[in-house]
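First comes the structure, then the notes that go with it.
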Amino acid sequence: MARTANPYAAEIGAECLKLLRAPEFIIPSLALPVLFYAMFGMIIPGSNQNAPYLLATYGVFTVMAPALFGFGAGVAQERERGWLKLKRAVPAPAFGYITAKAAATLLVAAAGLAMVYAVAGFLAGVELTRTQWTLMLGVHIVSALPFVFAGLTLGFLLGANGAVAAANLLFLALALLGGLWIPIVVFPDIMQQIAWAFPSFHLAEVALAASGAGGDRPVGLHLAVLGAMTGGLALTATLAWLRQR
Amino acid sequence: MARILTGLAVILAALGALILALPEPDRPSVTRSGAGLAITNVTVFDGARFLDDQTILITGGRIGAVGPGLDIPAGAELINGAGLTALPGLIDAHTHTWGDGLEAALRFGVTAQLDMFSSPMMLPQAQRNRADLSVHDQADLFSSGMLATVEGGHGTQFGVPVETLSGPDQAADWVAARKAEGSDYIKLVYIPGSPNLPSLDLATATAVIEAAHAEGLMAVAHIATLDAAREMVDAGIDGLVHIFADEPADAAFITAAREAEVFVIPTLAVIASVAATGEGEALADDPRVRGRLSASALRGLEGGFGMPPSPRFQYPLAEANVRALHEGGVVILAGSDAPNPGTAYGASLHHELQLLTRAGLSPVETLFAATAGAADAFNLTERGRMEPGARADLVLIEGDPRRDIAATLSIAHVIRNVLVIESAGEGQASPPPAGAALETADISDFAAPTNGYAWVDTTDAMAGGNSEAVSTVTDGVLRTEIAVRTRFPFPWAGPGYFPASQAGSALNLSDAPVLVLRLRAAPGTYRVMLFNPGLTGAPPTVSTELDESWRTVRLDMTNVDGFDPAEFAGLAVVGGPAPGEAWIEIDQARFEAAP
Numbered sequence: 098m099a100r101t102a103n104p105y106a107a108e109i110g111a112e113c114l115k116l117l118r119a120p121e122f123i124i125p126s127l128a129l130p131v132l133f134y135a136m137f138g139m140i141i142p143g144s145n146q147n148a149p150y151l152l153a154t155y156g157v158f159t160v161m162a163p164a165l166f167g168f169g170a171g172v173a174q175e176r177e178r179g180w181l182k183l184k185r186a187v188p189a190p191a192f193g194y195i196t197a198k199a200a201a202t203l204l205v206a207a208a209g210l211a212m213v214y215a216v217a218g219f220l221a222g223v224e225l226t227r228t229q230w231t232l233m234l235g236v237h238i239v240s241a242l243p244f245v246f247a248g249l250t251l252g253f254l255l256g257a258n259g260a261v262a263a264a265n266l267l268f269l270a271l272a273l274l275g276g277l278w279i280p281i282v283v284f285p286d287i288m289q290q291i292a293w294a295f296p297s298f299h300l301a302e303v304a305l306a307a308s309g310a311g312g313d314r315p316v317g318l319h320l321a322v323l324g325a326m327t328g329g330l331a332l333t334a335t336l337a338w339l340r341q342r
Numbered sequence: 115m116a117r118i119l120t121g122l123a124v125i126l127a128a129l130g131a132l133i134l135a136l137p138e139p140d141r142p143s144v145t146r147s148g149a150g151l152a153i154t155n156v157t158v159f160d161g162a163r164f165l166d167d168q169t170i171l172i173t174g175g176r177i178g179a180v181g182p183g184l185d186i187p188a189g190a191e192l193i194n195g196a197g198l199t200a201l202p203g204l205i206d207a208h209t210h211t212w213g214d215g216l217e218a219a220l221r222f223g224v225t226a227q228l229d230m231f232s233s234p235m236m237l238p239q240a241q242r243n244r245a246d247l248s249v250h251d252q253a254d255l256f257s258s259g260m261l262a263t264v265e266g267g268h269g270t271q272f273g274v275p276v277e278t279l280s281g282p283d284q285a286a287d288w289v290a291a292r293k294a295e296g297s298d299y300i301k302l303v304y305i306p307g308s309p310n311l312p313s314l315d316l317a318t319a320t321a322v323i324e325a326a327h328a329e330g331l332m333a334v335a336h337i338a339t340l341d342a343a344r345e346m347v348d349a350g351i352d353g354l355v356h357i358f359a360d361e362p363a364d365a366a367f368i369t370a371a372r373e374a375e376v377f378v379i380p381t382l383a384v385i386a387s388v389a390a391t392g393e394g395e396a397l398a399d400d401p402r403v404r405g406r407l408s409a410s411a412l413r414g415l416e417g418g419f420g421m422p423p424s425p426r427f428q429y430p431l432a433e434a435n436v437r438a439l440h441e442g443g444v445v446i447l448a449g450s451d452a453p454n455p456g457t458a459y460g461a462s463l464h465h466e467l468q469l470l471t472r473a474g475l476s477p478v479e480t481l482f483a484a485t486a487g488a489a490d491a492f493n494l495t496e497r498g499r500m501e502p503g504a505r506a507d508l509v510l511i512e513g514d515p516r517r518d519i520a521a522t523l524s525i526a527h528v529i530r531n532v533l534v535i536e537s538a539g540e541g542q543a544s545p546p547p548a549g550a551a552l553e554t555a556d557i558s559d560f561a562a563p564t565n566g567y568a569w570v571d572t573t574d575a576m577a578g579g580n581s582e583a584v585s586t587v588t589d590g591v592l593r594t595e596i597a598v599r600t601r602f603p604f605p606w607a608g609p610g611y612f613p614a615s616q617a618g619s620a621l622n623l624s625d626a627p628v629l630v631l632r633l634r635a636a637p638g639t640y641r642v643m644l645f646n647p648g649l650t651g652a653p654p655t656v657s658t659e660l661d662e663s664w665r666t667v668r669l670d671m672t673n674v675d676g677f678d679p680a681e682f683a684g685l686a687v688v689g690g691p692a693p694g695e696a697w698i699e700i701d702q703a704r705f706e707a708a709p
């Protein structure tokens, strides 16, 4: 057990250390969602009525940044620098690299979520039952998955510069068109239909349902679409990985 | 590996601790019915009559038995009902659901609301909640969902999506769509001859009624005049959701309504507000009301429509018509039309009970109107009566409403699906947060922001209207050309002083609550509208006559009903609601301390 686990542990440790040594990545990833949430959920007059609703959508937004950028841009850079080639020559499990990245992403996501939840609960006056808080946190953490695969695909397919640009574009599209920043219901009908194409929208709807938000949501359908999208993205990521090898 | 596991455990523990620390909604004191709940020595209104010295046994979310001296099961929770009167949970037969309306209503003992138009998106959740005996924190909702109206007609101005009708041939599909969405009944708007709104024509309204009946749904109508009411009764309507206040009801109409078994939900509370009788404010001063209202609900109750007197809304006629219909044998139900200006969820139903009593209903008849009467008219099973098998939705009040109907506001306990919500220290009204301190009292710089606020043009376009306002600043004078048009029923256009950015906050004008304006305008009536944050209805408004000579207008905002100067969020000087073109020039504007 220890023999096979150790390389994973070492990779995860190293990845976390890298995070701490490169605060220029971790700080914006943590600060942006909480600042946006505070602004749209609290500071704008009248917005505190939206604080519970926006918590569900900004939670998805919070895990999106580390997943997309950590994987997309990060992997592309390391690949370009030849780090992945080197890794392949090292007698360590290939999957350790991905595992470590995933662990680091989840760590950043969890820290970001903790901050957003704290602002929501202690400053914006959001009150949910223990079950709702827990369920929503679960949904938010699992939300990282499709974005991780999307980021990986970008990282394997594009160069460092291209991956950063593509990740940014995808990030904005997922956030805005998926209704993470502004409630989807205020969008025109056509935009609400377009939102169905984005996993961020479905994740936000599931998180809203978990938080007990008003309105009727076909949660089963959203989960099914998410399952299909995540599976598709996982497949794409695998193909992209195989291609770059 | 061990280090990783430790790290993981630490992270999980931290998240767990956060989840445990995050706030939960306040849990009212709970009496869960293991062995049930017993209310002893209580006066019961069972929906039709009063019975003294009764015991009510509640188990499994329902009323088990009502009678004198019943055996109390061992282990049951007890409420000593001496001096209390138990009413079935109240039913407000005319509301529009928005925000925290269902929660707010429950604090006043309203356990079911009959919504007369709101977004159909709420219907599936409402149906699930109705079937769920564990819902404790809000009233049940029955709803018409969308309403039947024409393009630009009443109901289209609130930003809630409405599919409009343009002819009788669309009625069947329209009603079928409502039924599919989950509407409990069909509501239509029939206001022919309205001065500022188009209406369904009689043929289309009749087709909607017939289509509703064909689908097995009831149809109710919003009307404003005796003539419209008569036409709806003749067309087969099941109920009218307002009383008309333009003409006295005549014998022929009363007979026709009684014979057609049409019920009427007069909504005197909202007609009183339209007619600016000042009753909403008086109600808001009652500490039993005030203590249960949120800050924004309180402002709503103190607010008004800001409409000039209209021959279509003569309040004394409204009361006289209710009396005449009641005496003529027409079923009267209690509905508030909350949250319109001058009303509040829950509170205004109690107000309506007082007004119905004043109109000539006895206290028993009034309470019937708000309980069993509504349940019968709308076929609501398990509600409105204190009888075995009914929902355990009750309100316990102190005193005897037979002597004084206003006793219904002395709420001791609200019981909702066997959860007792203590009334003491209900204190929902948190003091509103005051705004930021005023930096510049002189706000005459029309070209640059002051206090984070700027002079801008404001029109009813934000509410779907088509009025226009265009401002220019010349030699320090703000001139605004305005064109008031009537697509929006309460149109406005003019200059306003509003937060310069979305993030702008309210101003605290407690120390400088007098608005001083030096201005002139094309001769006519103009209005100053004042805004607090979180406004839900029409803003508090003061009218003033202006002409082409410069004059200085002083407005002490502390005296404006429904407005709190400690949370100033904007002002506007506007033309309308009368349509036409005009101009306004403002030369000086400032806030001053009260004299």
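From first to last, the protein sequence lines are chains A and B. Take 98 as the starting number for the first sequence in our numbering and just add one per residue. Take 115 as the starting number for the second sequence in our numbering and just add one per residue. Glycine included, every Cβ here is placed at the ideal spot set by N, Cα and C. Only a predicted model underlies this, so the values are computations on that prediction, with no experimental measurement involved.
(message) Under 8 Å: do the stretch 496–514 of chain B and the stretch 474–488 of chain B share three or more Cβ pairs, one atom per stretch?
(response) yes
(message) When you compare the CB of residue 125/B with every CB in chain A, is at least one pair closer than 8 Å?
(response) Start at 1 with the first residue of the second sequence, and residue 125/B comes out as number 11. Interface residue, yes.
(request) Please list the partners that residue 234/A has in chain B, where partner means a Cβ-to-Cβ separation under 9 Å. (result) For the purposes of this step, residue 234/A is identified with residue 137 of the first sequence, where counting begins at 1. What residue 234/A touches in chain B: 129, 132, 133.
(message) Spatial neighbours of residue 349/B within its chain, please: C-beta separation below 8 Å, excluding the five flanking residues on both sides.
(response) Against the second sequence, residue 349/B aligns to sequence position 235. Contacts found: 316, 319, 320, 323.
(request) Could you please give the first and the last residue of the uninterrupted alpha helix (DSSP H) stretch that includes residue 324/B? (result) Counting from 1 along the second sequence, the entry for residue 324/B is found at position 210. Element bounds for residue 324/B: 316–328.
(request) Flag this pair as touching only if the stretch 241–257 of chain B and the stretch 278–286 of chain B have three or more C-beta atom pairs under 8 Å; answer yes or no. (result) Judged by Cβ distances under 8 Å, the stretch 241–257 of chain B makes no contact with the stretch 278–286 of chain B, as fewer than three pairs qualify.
(request) Pair every Cβ in the stretch 192–206 of chain B with every Cβ in the stretch 149–160 of chain B, then say whether three or more of these pairs are closer than 8 Å. (result) yes
(request) Would you verify that the beta carbon of residue 138/B is, or is not, closer than 8 Å to some beta carbon of chain A? (result) Counted from its first residue, the second sequence places residue 138/B at position 24. Cβ-Cβ to chain A under 8 Å: yes for residue 138/B.
(message) Quick check on the DSSP output: the beta strand (DSSP E) that includes residue 90/A runs from which residue to which?
(response) Outside the shown range of chain A (98 to 342) lies residue 90/A, about which nothing can therefore be said.
(message) Can you confirm whether residue 204/A, when its beta carbon is compared against all beta carbons of chain B, has any partner nearer than 8 Å?
(response) For the purposes of this step, residue 204/A is identified with residue 107 of the first sequence, where counting begins at 1. Closer than 8 Å to some Cβ of chain B, the Cβ of residue 204/A qualifies, so yes.
(message) Using beta carbons (cut-off 8 Å, strictly below), is residue 225/A in contact with chain B?
(response) On the first sequence, position 128 is the one that residue 225/A refers to. It does; some Cβ of chain B falls within 8 Å.
(message) Just to confirm my understanding: we take residue 710/B, look at its own chain, exclude 5 residues before and 5 after, and list those with CB closer than 7 Å. What are they?
(response) Examination of residue 710/B is not possible in this model, given that chain B is present from 115 through 709 alone.
(message) Given a cut-off of 8 Å on the beta-carbon distance, is the pair residue 196/A and residue 109/A in contact?
(response) As a working mapping, residue 196/A is identified with position 99 in the first sequence. As a working mapping, residue 109/A is identified with position 12 in the first sequence. Yes, these two residues count as a Cβ contact at 8 Å.
(message) Just to confirm the assignment, what range does the alpha helix (DSSP H) spanning residue 291/A have?
(response) On the first sequence, position 194 is the one that residue 291/A refers to. First-last of the alpha helix (DSSP H) with residue 291/A: 286–291.
(message) In whole angstroms, give me the CA-to-CA distance for residue 693/B and residue 596/B.
(response) Looking up residue 693/B in the second sequence gives position 579. Looking up residue 596/B in the second sequence gives position 482. CA-to-CA, the gap between residue 693/B and residue 596/B works out to about 10 Å.
(request) Please decide whether residue 106/A counts as near chain B, where near means a Cβ-Cβ distance under 8 Å. (result) Residue mapping note: residue 106/A aligns to position 9 of the first sequence, counting from 1. It does: the Cβ of residue 106/A has a partner Cβ on chain B nearer than 8 Å.
(message) Please state whether the Cβ-Cβ distance between residue 152/A and residue 308/A is less than 8 Å.
(response) Stepping through the first sequence from its first residue, residue 152/A is reached at position 55. Stepping through the first sequence from its first residue, residue 308/A is reached at position 211. In this structure, residue 308/A lies closer than 8 Å to residue 152/A by Cβ.
(request) Determine the direct distance from the alpha carbon of residue 575/B to that of residue 234/A, and round the result to whole angstroms. (result) On the first sequence, position 137 is the one that residue 234/A refers to. On the second sequence, position 461 is the one that residue 575/B refers to. One alpha carbon belongs to residue 234/A, the other to residue 575/B, and they sit about 41 Å apart.
(message) Any contact between the stretch 487–496 of chain B and the stretch 419–429 of chain B? By contact I mean 3 or more CB pairs, one from each, below 8 Å.
(response) no
(request) Report buried or exposed for residue 219/A, applying the criterion of at least 16 other Cβ atoms within 10 angstroms of its Cβ. (result) Within the first sequence, the letter at position 122 stands for residue 219/A. It is exposed - the Cβ of residue 219/A has fewer than 16 other Cβ atoms within 10 Å.
(request) Starting from residue 584/B, trace the beta strand (DSSP E) both ways and give me its first and last residue. (result) On the second sequence, position 470 is the one that residue 584/B refers to. 582–588 is the span of the beta strand (DSSP E), which, as asked, contains residue 584/B.
(message) Taking 8 Å as the threshold (beta carbon to beta carbon), is residue 180/A in contact with chain B?
(response) Position 83 of the first sequence, counted from the start, is the residue given in the question as residue 180/A. Chain B contact via Cβ: absent.
(request) Give me whichever residues DSSP pairs with residue 256/B in a beta bridge. (result) Here the question's residue 256/B lines up with position 142 in the second sequence. Answer is 228/B.
(request) Grab me the residues of residue 123/A's own chain with a C-beta within less than 7 Å of its C-beta, minus the 5 sequence neighbours each way, in chain order. (result) The residue labelled residue 123/A in the question sits at position 26 within the first sequence. Hits under 7 Å: 116, 205.
(message) Once the 5 residues before and after residue 335/A are set aside, which same chain residues still bring their CB inside 6 Å of it?
(response) Counting from 1 along the first sequence, the entry for residue 335/A is found at position 238. Closer than 6 Å at Cβ, skipping near neighbours: no residue.
(message) So residue 214/A contacts chain B; which residues on that side make the cut at Cβ distance below 7 Å?
(response) Within the first sequence, residue 214/A is the residue found at index 117, counting from 1. Neighbours of residue 214/A on chain B, chain order: 132, 136.
(request) Look at the alpha carbon of residue 119/B and the alpha carbon of residue 200/A, and state the distance between them as a whole number of angstroms. (result) On the second sequence, position 5 is the one that residue 119/B refers to. On the first sequence, position 103 is the one that residue 200/A refers to. Roughly 12 Å between the two C-alpha positions.
(message) Can you pull out the residues from the stretch 349–379 of chain B whose beta carbon lies closer than 9 Å to at least one beta carbon of chain A?
(response) none
(message) Along the chain, where does the alpha helix (DSSP H) containing residue 611/B start, and where does it finish?
(response) The count along the second sequence starts at 1 and reaches residue 611/B at position 497. Note, residue 611/B: premise wrong, no alpha helix (DSSP H); beta strand (DSSP E) at 607–613.
(request) Could you tell me the distance, in whole angstroms, from the CA atom of residue 190/B to the CA atom of residue 461/B? (result) For the purposes of this step, residue 190/B is taken as residue 76 along the second sequence, with counting starting at 1. For the purposes of this step, residue 461/B is taken as residue 347 along the second sequence, with counting starting at 1. The alpha-carbon atoms of residue 190/B and residue 461/B are separated by roughly 32 Å.
(message) Distance check for residue 167/A and residue 160/A, CA to CA, integer angstroms please.
(response) Stepping through the first sequence from its first residue, residue 160/A is reached at position 63. Stepping through the first sequence from its first residue, residue 167/A is reached at position 70. Straight-line Cα distance between these residues: approximately 11 Å.
(request) Give the interface partners of residue 525/B over in chain A, defined as CB-CB distance under 9 Å, in chain order. (result) Working through the second sequence from its first residue, we reach residue 525/B at position 411. In chain order: nothing, as chain A lies at least about 23 Å away.
(message) For a cutoff of 8 Å on Cβ pairs, would you count residue 118/B as touching chain A?
(response) Within the second sequence, the letter at position 4 stands for residue 118/B. For residue 118/B, the answer is yes, since a Cβ of chain A falls inside 8 Å of its Cβ.
(message) I want to see whether chain B comes within less than 8 Å of residue 344/A, judged by CB atoms only; does it?
(response) This structure does not reach residue 344/A, given that chain A is present from 98 up to 342, and the question cannot be answered.
(request) Under 7 Å Cβ to Cβ from residue 644/B, same chain only, skipping five residues before and after it: list those, please. (result) One-based indexing of the second sequence puts residue 644/B at position 530. Same-chain partners within the cutoff: 653, 654, 671, 674, 677, 685.
(request) Under 7 Å Cβ to Cβ from residue 247/B, same chain only, skipping five residues before and after it: list those, please. (result) In the second sequence, counting from the first residue as 1, residue 247/B sits at position 133. These residues qualify, in order along the chain: 175, 531.
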